[in-house]
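Residue numbers (our numbering), protein chains in the order written: chain A, 29 to 138; chain B, 78 to 194.
For glycine and all other residues, C-beta sits at the position ideal for the given N, C-alpha and C.
Before any comments, here is the structure.
Written out as structure tokens, the structure is:
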């Protein structure tokens, strides 16, 4: 299973764009990159998932370079309610296991 | 996105008793579900993989006789904590896997807070 590395914490201000980068050097050919958001005492919430290049949905964008050894989650114009822990994970299609690392605690300040 | 529910959301039980937690995929069928536990200010730890119609696969260090998992239908998996002790107090979270195009997406339930007194 591919291991992921991401910053432990980040600070931002309301209205700014936040980019969280994750490295996954030993990602396999069939693996996907997936990001989750978790608030205290809640289950993780699916944000976005991608395989290569760029994926965009209504809440975020995911940028994946050609070598797929890293990925960047981009949150446009964050608000205070985006303060949470963000997890970058590699999804292996055959087993489906998601192994959580420590995540990035994002603190959005007014 | 897909919806996964858990019941109960929180439960308090006495030491030595057993507690059952239900996980349901509400709007999709899930042949595979997963159970996690999370301690305060820690990350999620995978406990086991629950496969519909077959035995669960447990991660190393997780006692299968203590944490009984049953996946009787495509929308329901249950976790039973048997003979619970205070050290079993934790936040238990399930997830369900949904097929999406050529791969899968995984959705998590809201979690169940277990307190053993």
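Residue i vs residue j beta-carbon contact at 9 Å
i: residue 60(A); j: residue 114(A); result: no
i: residue 208(B); j: residue 84(B); result: Look at the range of chain B in this structure, 78 to 194, and you will see that residue 208(B) is not part of it.
i: residue 129(A); j: residue 117(A); result: yes
i: residue 108(A); j: residue 137(A); result: yes
i: residue 202(B); j: residue 139(B); result: The structure shown does not extend to residue 202(B), since chain B spans only 78 to 194, so no value can be given for it.
i: residue 185(B); j: residue 114(B); result: no
i: residue 51(A); j: residue 98(A); result: yes
Residue i - containing beta strand (DSSP E), residue span
i: residue 99(B); result: 96-102
i: residue 62(A); result: 59-66
i: residue 105(B); result: Per DSSP, residue 105(B) belongs to no beta strand (DSSP E) and is neither H nor E.
i: residue 78(A); result: 73-78
i: residue 102(A); result: 98-103
i: residue 37(A); result: 37-41
i: residue 52(A); result: Premise fails: residue 52(A) is in no beta strand (DSSP E) and is neither H nor E.
i: residue 92(A); result: 89-92
Cβ of residue i within 9 Å of any chain A Cβ
i: residue 135(B); result: no
i: residue 166(B); result: no
i: residue 202(B); result: Any question about residue 202(B) goes unanswered here, given that chain B covers just 78 to 194.
i: residue 122(B); result: yes
i: residue 111(B); result: yes
i: residue 83(B); result: yes
i: residue 170(B); result: yes
i: residue 140(B); result: no
Contact with chain B by residue i, beta-carbon distance below 9 Å
i: residue 73(A); result: yes
i: residue 127(A); result: yes
i: residue 69(A); result: yes
i: residue 41(A); result: no
i: residue 135(A); result: no
i: residue 119(A); result: yes
Contacting residues, own chain, Cβ-Cβ under 7 Å from residue i (five flanking each side not counted)
i: residue 152(B); result: 101, 102, 106, 107
i: residue 96(A); result: 55, 80
Spatial neighbours of residue i in its chain, beta-carbon cut-off 6 Å, leaving aside the 5 residues before and after
i: residue 79(A); result: 60
- Would you call the segment 158-165 of chain B and the segment 41-50 of chain A touching, i.e. three or more CB-CB distances under 8 Å? no
- Mind the definition here: the segment 98-108 of chain B touches the segment 174-193 of chain B only if three or more C-beta pairs lie below 8 Å; say whether that holds. yes
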